[in-house]
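Below you'll find the structure, written out as C-alpha cells, and then a few comments.
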Amino acid sequence: MNQPFIAPSLLAADFANLQKELDLINRSEADYLHFDVMDGLFVPNISFGFPLLETARKYCQKPLDVHLMIVQPERYLEAFAEGGASVIHVHYEACTHLHRTLTRIRELGCRAGVALNPHTPISGLEDVLEQIDVILIMSVNPGFGGQSFIPHTIQKVTKLKQLLTANRSAALIEIDGGVSEKNAQILLNAGADVLVAGNSVFRASDPLEAIRQLKNSSLPLVA
Ligand code: DX5
Ligand code: ZN
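Now the structure itself:
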C-alpha cells in the first residue's frame, strides 16, 4: 500500500500564531494544507475566505486543498483558482450543474473535487466520474472541526473504491472529519488516499509527530 497524502486542516490552527502554524506545516511531511470555506448557509457556521487564502498562499509552501462548504460554489471558482487553490472541492448537494462545475474547475487549471455529505450516496457520481480528480467523503456532518468520526464512512469508502475500480477511474478518495491515528489504518485499508486532519494534528502535543504518524499509518506494524 502506498503512503497516504496528508492534509492538515487550517480550521483547527491557532490563528493568533498563524505564521508559526504555517511554518510548522512547511516543515512537516504534510502533502497539502486543507482550507475549509463555510458560508453560514450550506453549513451552520462561517469560517474564513479570501484574506486568509492570501496569507496561506503567501506563507504556506504546500499546495492548497480548498473545500467549499458554500451554496452555488460555481460563483467563486475563478476567485479561488486565482487565489492559488490546487484542488477545489465543491459539494455534490450544492451543485445543480455538477458536470459543468467540475469541467470549469479543470479549465481553471485546478484539480476537481466533489465532496459528499454523510447521507449522500456515492451512486450519484457514476455519470460524472470522468470529470472528477478527487472524491471527498465527509466522515462528520460538515460545519465544525473536532466532531466524532461516523463509523459508517468505512463501508462507504470500501464501496466507493469498488465503484472506482469497476469504472477504471483514477480519482483519489479523501476523508474529512474526525480522522486520527486511531482510524487512519482502517480507512487506508478500505481504499482512502488522502486524510484530512484538523484537531488530531493542530491540537496534538507534537503536531509534526502527529503528521508523521498519519503519513506512516499504512506501514505494517512491527510484531
Ligand atoms: C468540517 C471540515 C473539516 C474539519 C476537520 O466541516 O470540513 O475539514 O476541519 O476537522 P477535524 O479533523 O478536527 O474533524
Ligand atoms: Zn474540510
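Note that UniProt numbering has the sequence shown beginning at 1, numbered continuously upward.
A virtual CB, placed ideally from N, CA and C, is assigned to each residue, including glycine.
Ends of the alpha helix (DSSP H) at Leu51?
The sequence position of residue 51 within the sequence shown is 51, counting from 1. It is Pro, not Leu, that sits at residue 51 in the sequence shown. Its alpha helix (DSSP H) spans residues Phe50 to Tyr59.
For Val179 and Leu164, believed in contact at Cβ under 8 Å, the rounded distance:
Locating residue 164 in the sequence shown gives position 164, where the first residue counts as 1. Locating residue 179 in the sequence shown gives position 179, where the first residue counts as 1. With a Cβ gap of about 20 Å, Leu164 and Val179 do not count as contacting.
If contact is defined by three or more beta carbon pairs under 8 Å, each pair taking one atom from either stretch, is the segment 93-111 in contact with the segment 3-12?
Under the Cβ criterion (8 Å, minimum of three pairs), the segment 3-12 does not count as touching the segment 93-111.
Answer with buried or exposed for Ala197, where buried requires no fewer than 16 other C-beta atoms within 10 angstroms of its C-beta.
Mapped onto the sequence shown, residue 197 falls at position 197. Buried, by the Cβ-count rule.
Please indicate yes or no: does the CB of Val140 lie closer than 7 Å to some heavy atom of the ligand ZN?
The residue given as residue 140 occupies position 140 in the sequence shown. Result no, Cβ not under 7 Å from the ligand ZN.
Please determine, among Gly146, Leu187, Phe42 and Phe144, the residue with the shortest C-alpha to C-alpha distance to Lys159.
If you number the sequence shown from 1, residue 159 lands on position 159. Among Gly146, Leu187, Phe42 and Phe144, the Cα nearest to that of Lys159 belongs to Leu187.
Start and end of the alpha helix (DSSP H) containing Val157?
Here residue 157 refers to the residue found at position 157 when the sequence shown is read from its first residue. From DSSP, the alpha helix (DSSP H) with Val157 extends over Thr153 to Ala166.
What residue from Gln19, Val134 and Thr101 has the CA that sits closest to Ser169's CA?
As a first step, residue 169 is located in the sequence shown; it is residue number 169 there, counting from the start. When each option's Cα is compared against that of Ser169, the closest is Val134.
Kindly give me the distance between the Cβ atoms of Glu29 and Arg212, rounded to whole angstroms, as I take these residues to be in contact under 8 Å.
Counting from one through the sequence shown, the residue named residue 29 turns up at place 29. Counting from one through the sequence shown, the residue named residue 212 turns up at place 212. Right, their Cβ atoms sit about 6 Å apart.
If you measure from the CB of His91, is any heavy atom of the ligand ZN nearer than 7 Å?
To locate residue 91, count along the sequence shown from 1; it is residue 91. His91 Cβ: outside cutoff for every heavy atom of the ligand ZN.
Distance between beta carbons of Gly113 and Leu136, contact taken as under 8 Å:
As a first step, residue 136 must be located in the sequence shown, where it is residue number 136. As a first step, residue 113 must be located in the sequence shown, where it is residue number 113. At roughly 5 Å, the Cβ-Cβ gap stays under 8 Å, so Leu136 and Gly113 are in contact.
Quick check: is any heavy atom of the ligand ZN less than 7 Å from the C-beta of His67?
Here residue 67 corresponds to residue number 67 of the sequence shown, with the count starting at 1. Yes, the beta carbon of His67 sits closer than 7 Å to at least one heavy atom of the ligand ZN.
Taking only three categories from DSSP, how would you classify Phe35?
Numbered from its first residue, the sequence shown carries residue 35 at position 35. Here Phe35 sits in strand by DSSP.
Using 8 Å as the threshold, is the segment 83-103 in touch with the segment 63-74, meaning 3 or more CB pairs across them?
yes
Compare the Cα-Cα distances from Gly83 to each of Gln72, Thr55, Leu98 and Pro118 and report the closest residue.
One-based indexing of the sequence shown puts residue 83 at position 83. If we check each option's Cα against that of Gly83, Thr55 comes out closest.
Can you tell me the Cβ-Cβ gap for Ser200 and Ala210, rounded? I've got them flagged as a contact below 8 Å.
Working through the sequence shown from its first residue, we reach residue 200 at position 200. Working through the sequence shown from its first residue, we reach residue 210 at position 210. The beta carbons of Ser200 and Ala210 sit about 6 Å from each other, so the pair counts as a contact at 8 Å.
Proximity below 8 Å, CB of Ala115 to CB of Val87:
Counted from its first residue, the sequence shown places residue 115 at position 115. Counted from its first residue, the sequence shown places residue 87 at position 87. Contact: no.
Please tell me whether Glu181 and Ser217 are closer than 8 Å, where the distance is taken between their beta carbons.
Residue numbering aside, residue 181 sits at position 181 when the sequence shown is read from its first letter. Residue numbering aside, residue 217 sits at position 217 when the sequence shown is read from its first letter. At a Cβ-Cβ threshold of 8 Å, Glu181 and Ser217 count as neighbours.
How about Asn117: is its Cβ closer than 7 Å to a heavy atom in the ligand DX5?
Residue numbering aside, residue 117 sits at position 117 when the sequence shown is read from its first letter. No, the beta carbon of Asn117 sits no closer than 7 Å to any heavy atom of the ligand DX5.
Strand pairing of Glu174, partner residues [DSSP]
Within the sequence shown, the letter at position 174 stands for residue 174. Answer is Leu136 and Val194, bridged to Glu174.
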